[in-house]
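Since the structure comes first, as structure tokens, the remarks are kept for the end.
Numbering (our numbering), first residue to last: 268 to 986.
See below:
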């Protein structure tokens, strides 16, 4: 009987909404806070409903878009206390296939005004409570609820606004510094904004009324003489004749930073030519958009020399990174074999060709990066790994390299005749250049010590100096082989080839296969599990094609049959890599220890709001394809001691996921003089600027971070 009663008690406790000043539900942490220390009789108090959402999860704006449900607050307050409507932060659009929702993520703060009656007596404390309900979503949606209470002190002196309020207000829309009008055509809604604040920015309108504008339809604008005309496709609740006011929020985004403006537009006539132009754009018959550029301060000669020196050292370290070392071994085996035969000329050729592949690849990546950025793309170092297609190609290559190391291509002239420079002769002179190319392709996720600041400077300062930094990185990676080119006799110190080398080469096939498995995981993070099927099928087909060529006889019908079979398999692999995959998703594995420590998705506003709470803030910029990031996550950030230190200090853990392209994170990295991940920042309470932590973390460093407060353990590496 006692067990039954105890079970019923537990069940009732679970089903009863949490009643407290602060609650932690499944995927959010929420509280009620008064914006000032007290409220005055006859005045208006401002209550903040604050939330800290788990990374990857979001709640909804007042108009939720295609689906969803916004925050609902049902208040209990003494007689005479009038609670107003919720004031929502500026939303953003989130597309999931054909569904587009208007969402809030990170650490949203909602404001609620409360009218205080003139009869309220100074010195008393008045309790208000709210039954809060919200829908919070990631891949699935979960309704969460809680009852929160707040005591409002009544006083003549209400004090200044608390620090968090100013940061939270920046996430809310403000009055538009200009005039707004609208025109309602039968199949077109046009908002016209006369404001110079829109120069060089992307704009998007969020109507307050549901069903007025189709969320999934594109919005397009025409700008001329300081006026932007934004065309939108009407939705099911659109009445062009009955619409008298257009109310909502205009989101203005520039260089990853967004602000919102309140729109309360009145009706006005529309130039028919402008209406036709916007209708054409919405129909996809014309395109266009704003662009913006950036500039930075010139760097001194000393700064460039330091950057090139750091790149040289960092490139040298890359030779030992797990992504690169098995590829380096392939070339070392060829050099050792040539040295054992006393062929100094071949040793020099091996070294120079490999170094040429490394240097030309780094410079080609630099040229691509500078070209894309000049065209307006917000990208940084490792940009090619943000593409599932590139990840797929690298997975196939690593699978073939692993099969070669394991001995599948040791025999068979057919493979060598079919262009096996990359695979069948990677240990020989013919594949030296391509080995260098492959080493660079795999070095991008292994950016380690010394490299971060140098690459950040090179990306921010395109030109000859930037190319020198990339060349320095290449010279460091190719450095040992350039020494062999200068002194081929030094290769004699390498162990002589023998049976042991075959066994070592076979053993190294396993870390190469491990790299292929890791790349498959990155693809699953970027484009879902279907990408694993496509890429795995492509790797299987490529491996079969290589095997078929390796066993092809020297001539005749059997040879042609093997070649045809290999061609069919290769085409099947190429086809698998071109199959469409879902849109990139945010990396869900950011929270340490399987999610026990709640994390917040990075936005600049979220960081500023959390800092305004007075909490320590730890910011991690990471990516699924970054080896150093994953090493730090598994060996440090998921450790119980680190989790306990976060909880003891009530520190906020903010994660900027750069697995896929994100202009806001690119801008944040550049603001710290970086162009790639990992990057770790620590904001001590009250500090004006963050401390930049080392790229390789330790448990002791992070666990003691909140005790020491910062600067003595920080490492500033920007030249």
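Ideal placement from N, C-alpha and C gives every residue a C-beta, glycine not left out.
All of these numbers come straight from a predicted model, not from anything done at the bench.
By the 10 Å Cβ neighbour count, where 16 or more other Cβ atoms means buried, how is residue i classified, buried or exposed?
{"i": "residue 416", "result": "exposed"}
{"i": "residue 635", "result": "exposed"}
{"i": "residue 615", "result": "buried"}
{"i": "residue 482", "result": "buried"}
{"i": "residue 498", "result": "buried"}
{"i": "residue 321", "result": "buried"}
{"i": "residue 973", "result": "buried"}
{"i": "residue 504", "result": "exposed"}
{"i": "residue 386", "result": "exposed"}
{"i": "residue 967", "result": "exposed"}
{"i": "residue 731", "result": "exposed"}
{"i": "residue 558", "result": "The pLDDT assigned to residue 558 is 32, lower than 50, so where the model puts this residue is not dependable; a value taken from the coordinates is nonetheless given after this. Residue 558 comes out exposed."}
{"i": "residue 286", "result": "For residue 286, the pLDDT reaches just 39, beneath the cut-off of 50, and the residue's location in the model is therefore unreliable, although a value from the coordinates is still provided. Exposed."}
{"i": "residue 743", "result": "buried"}
{"i": "residue 419", "result": "buried"}
{"i": "residue 582", "result": "buried"}
{"i": "residue 932", "result": "buried"}
{"i": "residue 466", "result": "exposed"}
{"i": "residue 888", "result": "buried"}
{"i": "residue 411", "result": "buried"}
{"i": "residue 407", "result": "exposed"}
Per DSSP, which residues does residue i bridge with? Please list them.
{"i": "residue 400", "result": "339, 412"}
{"i": "residue 318", "result": "297"}
{"i": "residue 671", "result": "Beta-bridge pairing links residue 671 to no other residue."}
{"i": "residue 1028", "result": "No information on residue 1028 is available, as it lies outside the stretch 268 to 986 that the chain covers here."}
{"i": "residue 393", "result": "419"}
{"i": "residue 498", "result": "457, 487"}
{"i": "residue 950", "result": "884"}
{"i": "residue 905", "result": "Bridge partners of residue 905: none, in fact."}
{"i": "residue 512", "result": "533"}
{"i": "residue 959", "result": "948"}
{"i": "residue 311", "result": "382"}
{"i": "residue 517", "result": "472, 528"}
{"i": "residue 920", "result": "885"}
{"i": "residue 868", "result": "922"}
{"i": "residue 216", "result": "Nothing can be reported for residue 216, as the shown portion of the chain is limited to 268 through 986."}
{"i": "residue 452", "result": "455"}
Can you give me the start and stop residues for the beta strand (DSSP E) that residue i sits inside?
{"i": "residue 534", "result": "524-534"}
{"i": "residue 884", "result": "884-889"}
{"i": "residue 929", "result": "From DSSP, residue 929 is part of no beta strand (DSSP E); its letter is neither H nor E."}
{"i": "residue 474", "result": "469-474"}
{"i": "residue 369", "result": "366-372"}
Run through DSSP, which three-state label would residue i get?
{"i": "residue 588", "result": "coil"}
{"i": "residue 439", "result": "coil"}
{"i": "residue 627", "result": "helix"}
{"i": "residue 447", "result": "strand"}
{"i": "residue 432", "result": "helix"}
{"i": "residue 350", "result": "strand"}
{"i": "residue 881", "result": "coil"}
{"i": "residue 291", "result": "strand"}
{"i": "residue 547", "result": "helix"}
{"i": "residue 362", "result": "strand"}
{"i": "residue 477", "result": "coil"}
{"i": "residue 875", "result": "helix"}
{"i": "residue 357", "result": "coil"}
Taking the alpha helix (DSSP H) that residue i falls in, what are its first and last residues?
{"i": "residue 896", "result": "894-899"}
{"i": "residue 380", "result": "No alpha helix (DSSP H) holds residue 380; the beta strand (DSSP E) holding it covers 376-382."}
{"i": "residue 328", "result": "Taken as a continuous stretch (DSSP letters only), residue 328 belongs to no alpha helix (DSSP H), being part of the beta strand (DSSP E) at 325-332."}
{"i": "residue 808", "result": "796-817"}
{"i": "residue 970", "result": "966-970"}
Answer yes or no: the CB of residue i versus the heavy atoms of the ligand MG, is any distance below 6 Å?
{"i": "residue 415", "result": "Summarising the ligand content, the structure contains no ligands, and the ligand MG is consequently not present."}
Using a Cβ-Cβ distance cut-off of 7 Å, determine whether residue i contacts chain D.
{"i": "residue 956", "result": "In the displayed structure, chain D is absent; only one protein chain is listed."}
I'd like to know if the stretch 335-352 and the stretch 452-461 are in contact, where contact means that at least 3 CB-CB pairs between them fall below 8 Å. Counting Cβ pairs under 8 Å, fewer than three are found: no touch.
Does the stretch 615-635 touch the stretch 730-747, meaning 3 or more C-beta pairs lie closer than 8 Å? Taking one beta carbon from each stretch, the stretch 730-747 and the stretch 615-635 have 3 or more pairs nearer than 8 Å; the two touch.
For the structure I just gave you, are there three or more beta carbon pairs, one from the stretch 483-500 and one from the stretch 386-404, closer than 8 Å? As far as the Cβ criterion goes, the stretch 483-500 does not touch the stretch 386-404, which means the pair count is below three.
Using 8 Å as the Cβ pair cut-off and three pairs as the minimum, do the stretch 463-481 and the stretch 512-529 touch? Taking 8 Å as the limit for Cβ pairs, the verdict is that the stretch 512-529 does touch the stretch 463-481.
Can we say the stretch 430-443 touches the stretch 869-879, given the rule of at least three CB pairs closer than 8 Å? Look at the beta carbons and you see the stretch 430-443 touching the stretch 869-879: at least three pairs across the two are nearer than 8 Å.
Check whether the stretch 387-395 touches the stretch 354-361, counting contact only when three or more Cβ pairs, one atom from each stretch, lie closer than 8 Å. Touching, no, given that fewer than three Cβ pairs across the two stretches are closer than 8 Å.
Check whether the stretch 375-384 and the stretch 302-318 touch, using three or more Cβ-Cβ pairs below 8 Å as the test. These segments touch.
Does the stretch 773-792 come close enough to the stretch 654-668 to have 3 or more Cβ pairs within less than 8 Å? Pairwise C-beta distances place the stretch 773-792 in contact with the stretch 654-668, as three or more of them are shorter than 8 Å.
Can we say the stretch 949-957 touches the stretch 539-546, given the rule of at least three CB pairs closer than 8 Å? No, the stretch 949-957 does not touch the stretch 539-546.
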